[in-house]
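Colleague: Here's a structure for you.
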Amino acid sequence: LHKRRATGGRKKHWRKKKKYEMGRQPASTKLSSNVAVRKVRVRGGNYKFRALRLDAGNFSWGTEAVTRKARILDVNYNASNNE
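So that you can map any letter, position 72 of the sequence shown is 247 in the numbering used here, and since no number is skipped, the others follow by simple counting.
Here's what the structure looks like:
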């Protein structure tokens with residue numbers, strides 16, 4: 176745990192890790208015409224779709240209230256988004 180006691184000592188963990196607190200590996204979606212989308216079972220028996228390779232998507236432009244299916248041409252590199 177990151178918090179400490181008033182004396183400066185470390186605190187003990189107060190429970191085990193729970194299934195609903197679980198994190199997963201990032202999808203690291205690649206740009207490819209060979210589309211690969213995997214189903215991931217999540218809490219409540221529902222499914223999320225994890226895109227591993229894509230070349231198109233449904234994109235929303237909030238301020239203009241417009242949503243269109245568009246092809247992805249390029250991806251910008253963002254240094255603060257490293258894995």
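Beta carbons are placed, not taken as given, at the ideal position from N, Cα and C, and that holds for glycine.
(1) Spatial neighbours of R213 within its chain, please: CB distance less than 7 Å, with the 5 preceding and 5 following residues excluded, ordered by chain position.
(2) Which first and last residues belong to the beta strand (DSSP E) in which V217 is found?
(3) If you draw a straight line from the alpha carbon of V215 to that of Y222, how long is it in whole angstroms?
(4) Cutting at 6 Å between CB atoms, please list the residues of its own chain near S235, excluding the five before and the five after it.
(5) Under a three-way DSSP split, which group does S235 fall into?
(6) Quick one: grab the DSSP three-state call for A211.
(7) Determine the closest residue to T209 out of L229, G237 and V250, with distance taken between C-alpha atoms.
Modeller: According to the structure data:
(1) Here residue 213 refers to the residue found at position 38 of the sequence shown. Result list for R213: R225 and L227, in chain order.
(2) Along the sequence shown, one-based indexing puts residue 217 at 42. Neither: V217 is in no beta strand (DSSP E) and is coded neither H nor E.
(3) Along the sequence shown, read from residue 1 onward, the residue named residue 215 stands at position 40. Along the sequence shown, read from residue 1 onward, the residue named residue 222 stands at position 47. Near 5 Å, if we compare the C-alpha coordinates of Y222 and V215.
(4) Residue mapping note: residue 235 aligns to position 60 of the sequence shown, counting from 1. In the same chain as S235, and ignoring 5 residues on each side of it, the C-beta atoms closer than 6 Å to its own belong to T242, in chain order.
(5) Residue 235 sits at position 60 when you count from the first residue of the sequence shown. Here DSSP, grouped into helix, strand and coil, assigns S235 to strand.
(6) Locating residue 211 in the sequence shown gives position 36, where the first residue counts as 1. In this structure, DSSP gives A211 an extended state, which the three-state scheme calls strand.
(7) Along the sequence shown, read from residue 1 onward, the residue named residue 209 stands at position 34. For clarity, residue 209 is Asn in the given sequence; the question names Thr instead. The option with the nearest alpha carbon to N209 is L229.
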